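See below for the structure under consideration.
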Amino acid sequence: MTNFSAVTTAYRGAWAQRRVFVPVYVAVRLLLVALIAPGVAIAVNLAVSLSDQSALTDQDIAMFLLSPAGFIAAVAVLSLFLLAEVFVFSVMAGSLRMGENDPWRAGSASIRLILTRVPALFGFAARFILRVLLLALPFVVVAGVIAWWTLTEYDINYYLTFHPPSFWVAVVLIGFVVLCLAWVLIRRLSAWALALHLVLFEDCEPAEAFAISTDRMEGKRGRLKIELALWLAIRLFIAALIAGAAGVLFDLVPLQESANLRFALIFSFIVAGLWSLAGLVLAAIALGALAVLLDGFFETQANEVPHPEPGNLRAPLYAVVGGATIALLIGLWSGQELLERIQAPDHADVIGHRGAAAIRPENTMAAVLKAIEDGADWVEIDVQETADGVVIIAHDSDFMKLAGVPLKVWDATMEDVAEIDIGSWFGPENASERTPTLYDVLEAAKGKSKVIIELKYYGHDVDLENRVAAIVEELEMQDDIATMSLKYPAVQKMKALRPGWRAGVLAATAIGNLSGLEGDFVAVNAATVSPGLIRSVHDAGKDIYVWTVNDPLQMSAMASMGIDGLITDRPAMAREVLRVRAEMGPGERLMLWLATTFGLSIETSEMRDANP
Numbered sequence: 001m002t003n004f005s006a007v008t009t010a011y012r013g014a015w016a017q018r019r020v021f022v023p024v025y026v027a028v029r030l031l032l033v034a035l036i037a038p039g040v041a042i043a044v045n046l047a048v049s050l051s052d053q054s055a056l057t058d059q060d061i062a063m064f065l066l067s068p069a070g071f072i073a074a075v076a077v078l079s080l081f082l083l084a085e086v087f088v089f090s091v092m093a094g095s096l097r098m099g100e101n102d103p104w105r106a107g108s109a110s111i112r113l114i115l116t117r118v119p120a121l122f123g124f125a126a127r128f129i130l131r132v133l134l135l136a137l138p139f140v141v142v143a144g145v146i147a148w149w150t151l152t153e154y155d156i157n158y159y160l161t162f163h164p165p166s167f168w169v170a171v172v173l174i175g176f177v178v179l180c181l182a183w184v185l186i187r188r189l190s191a192w193a194l195a196l197h198l199v200l201f202e203d204c205e206p207a208e209a210f211a212i213s214t215d216r217m218e219g220k221r222g223r224l225k226i227e228l229a230l231w232l233a234i235r236l237f238i239a240a241l242i243a244g245a246a247g248v249l250f251d252l253v254p255l256q257e258s259a260n261l262r263f264a265l266i267f268s269f270i271v272a273g274l275w276s277l278a279g280l281v282l283a284a285i286a287l288g289a290l291a292v293l294l295d296g297f298f299e300t301q302a303n304e305v306p307h308p309e310p311g312n313l314r315a316p317l318y319a320v321v322g323g324a325t326i327a328l329l330i331g332l333w334s335g336q337e338l339l340e341r342i343q344a345p346d347h348a349d350v351i352g353h354r355g356a357a358a359i360r361p362e363n364t365m366a367a368v369l370k371a372i373e374d375g376a377d378w379v380e381i382d383v384q385e386t387a388d389g390v391v392i393i394a395h396d397s398d399f400m401k402l403a404g405v406p407l408k409v410w411d412a413t414m415e416d417v418a419e420i421d422i423g424s425w426f427g428p429e430n431a432s433e434r435t436p437t438l439y440d441v442l443e444a445a446k447g448k449s450k451v452i453i454e455l456k457y458y459g460h461d462v463d464l465e466n467r468v469a470a471i472v473e474e475l476e477m478q479d480d481i482a483t484m485s486l487k488y489p490a491v492q493k494m495k496a497l498r499p500g501w502r503a504g505v506l507a508a509t510a511i512g513n514l515s516g517l518e519g520d521f522v523a524v525n526a527a528t529v530s531p532g533l534i535r536s537v538h539d540a541g542k543d544i545y546v547w548t549v550n551d552p553l554q555m556s557a558m559a560s561m562g563i564d565g566l567i568t569d570r571p572a573m574a575r576e577v578l579r580v581r582a583e584m585g586p587g588e589r590l591m592l593w594l595a596t597t598f599g600l601s602i603e604t605s606e607m608r609d610a611n612p
């Protein structure tokens, strides 16, 4: 039998058992959400409790993970996630070893067997994670050194925007390191291919399973690598066919005809649902095919494969899947809180990100004035200190991205700043734009719009908080500004300096309870926001803002979820979306929300930098 025929035979074998593989896959997934999620939550909360904060954000997460306690917590959480994957795969692998003609009886016996092996499976998952981390560590270090060597002379946003030669040098070198890591991992993973089977079917200790598997796979690794590559290629090919079919159907949606909006949304929702269902079936069949493939390499040396007495699996599985589906539908369509949010009047503020950065060059007076003209409730800007102690509006650590000038902000004087053209990159009509001061921006916004001041830190700040406070008080705008920062100690310092001022935490990523951090609001990446997060923040008496939202469908969805502020490069569009949304009925609002849930979006020009 050729390698290709072995793989296609595995897929046919999995498809032949689809009536057990698919429902088992779905049911076990649902059960694991109920069982694994609490364990993950406990591990995360325990880890965060070791710090002096209710949540860790961005750089704090990285520093925590490098600590002994953080590393142990990370391994535990990753092990729980891997245990979920191992459990699903084990059910399928076990059903192949039971010797039952009825696939339902085989699945039932397999689940009973695996439940007796849960502690050993967790030990297997933890050891697997540690082994992979140890293998990857030297490659990660080398990649980090390459990135430091090639990408740290200027601000990282310059490299990501313009892709200079040094960027491509880094890409090539790091790409080579990644390929080397992949080659090492493939070699080791092909040697460990039978470790899970040994734990399941020969009651082997997890600590010994990897070495025994390596011995048994001697002389077979080459064939396994080829067959795994073919297995993955077939899976990707089928997924591409499904996506292509969905794309053809999406192209038929009459989004351009506003009179057919309701039909268009319903049709899009149906297509997205079928796409998700097809993806679910593919995931189950492909995992089953992998189980069939690996089973062909496993020759048990135990006297007898464990075979618990099978039960009636069909009814419990259908009950779990049916119950979960009903609960989901009830929660989706009848949840009082959801309906209240959908029907509630809009209350989201429009916040111009670096001004109106999609229409004018970012963080310039032109962008600030345009955001005010377009009706922004707030204008968001970034501030740093110059060498001569002036607070200016600047996001990056240098002027490379905006002007091709390598001068660091903290080394620049106002005389230097006056010479740097930060507008021509956007268009020749903006050649006169220069970096404004905080005083200039606040003076222009006074009485017209409020201002969110993001405090930027690159390790060279001198007295940023006090200087900002002095400027605000000089203009008597204490009630018209808010401050925020990615650096949580800066938020705490600002609250200590001016307790009555509005201040908030900016978080690109976070673990733990964000609502428990000091501050009056939190600003989070739109990709991380959820109804649960919004609820917890509101329950703590705080507001939640999301960034950077430039897609009109996503703007509507965020408003439906109940956020308090849209940070956007397109304040005029956001204002119009909220106006149109206010005229929609609950059904149309709900369908727009669901459309974004399934990945639908309306094309808008890509921004050079959507970071906070």
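Heads up: the sequence shown runs through residues 1 to 612, numbered per UniProt numbering.
Ideal Cβ placement from N, Cα and C applies to all residues, glycine included.
Predicted model only: the values in this text are computed from it and were never measured.
Can you tell me the Cα-Cα spacing of residue i and residue j, whole angstroms?
i	j	result
E473	I422	28 Å
R354	W148	28 Å
L578	T528	22 Å
L277	L249	15 Å
T483	A496	13 Å
R117	Q17	24 Å
L433	D440	One detail in the question is off: residue 433 reads as Glu in this sequence, not Leu. When rounded, the distance between both Cα atoms is 13 Å.
I270	E202	46 Å
I114	G247	40 Å
V178	F71	22 Å
D374	I351	11 Å
V77	I42	9 Å
S530	T435	36 Å
What is the DSSP secondary structure of residue i, counted as helix, strand or coil?
i	result
Q384	strand
Y545	strand
R378	This sequence places Trp at residue 378; Arg is not what is there. It is a strand residue.
M484	strand
D539	helix
F297	coil
G512	strand
R188	helix
E153	coil
G335	Note that G335 scores 42 on pLDDT, short of 50, meaning its location in the model is unreliable and no value can be drawn from it.
R467	helix
F162	helix
T437	strand
P361	coil
T8	helix
K408	strand
H353	strand
T568	strand
N550	coil
S258	With a pLDDT of 45 at S258, under the threshold of 50, the modelled position of this residue cannot be trusted, and the question is left open.
T413	coil
R502	strand
With a CB to CB cut of under 7 Å and the five nearest residues on each side skipped, what residues in its chain are close to residue i?
i	result
I186	K225
D155	D396, S397, D398, M400, K401
A367	R354, G355, A356, A357, R360, P361
S110	V91, G94, S95, M98
V549	A526, M555, M558, L566, I567, T568
P165	none
A284	F21, V22, Y25
Excluding the 5 residues flanking residue i on each side, which residues of the same chain have their C-beta closer than 6 Å to its C-beta?
i	result
G13	V292
M494	E465, T483, A503
Y11	A289
R235	A286
K448	I372
Within its chain, find whatever has a CB closer than 8 Å to the CB of residue i; leave out the 5 residues flanking it on each side and keep chain order.
i	result
residue 625	What is shown of the chain runs 1 to 612, which leaves residue 625 out entirely.
residue 619	What the structure shows of the chain is the stretch from 1 to 612, and residue 619 is not part of that stretch, so it cannot be assessed.
L56	V48, F64, A510, I511, G512
D520	A482, R502, A503, G504, K542, D543
V75	A126, I129, L130, L133
I146	A170, L173, I174, V177
Any heavy atom of the ligand PLP closer than 6 Å to the Cβ of residue i?
i	result
L438	Absence of the ligand PLP from the depicted structure is noted, as is the absence of any ligand whatsoever, leaving it without description.
For the region 555–574 and the region 535–544, state whether three or more C-beta atom pairs, one from each stretch, are separated by less than 8 Å.
Under the Cβ criterion (8 Å, minimum of three pairs), the region 555–574 counts as touching the region 535–544.
Contact between the region 508–520 and the region 461–481: three or more CB pairs below 8 Å?
no
Minimum length 3: unbroken beta strand (DSSP E) runs contained in the region 67–145:
Segments of the beta strand (DSSP E) lying fully in the region 67–145: there are none.
Contact between the region 86–100 and the region 159–174: three or more CB pairs below 8 Å?
no
With a threshold of 8 Å, are at least 3 pairs of Cβ atoms found where one atom belongs to the region 124–142 and the other to the region 379–394?
With the cut-off at 8 Å, the region 124–142 and the region 379–394 do not touch.
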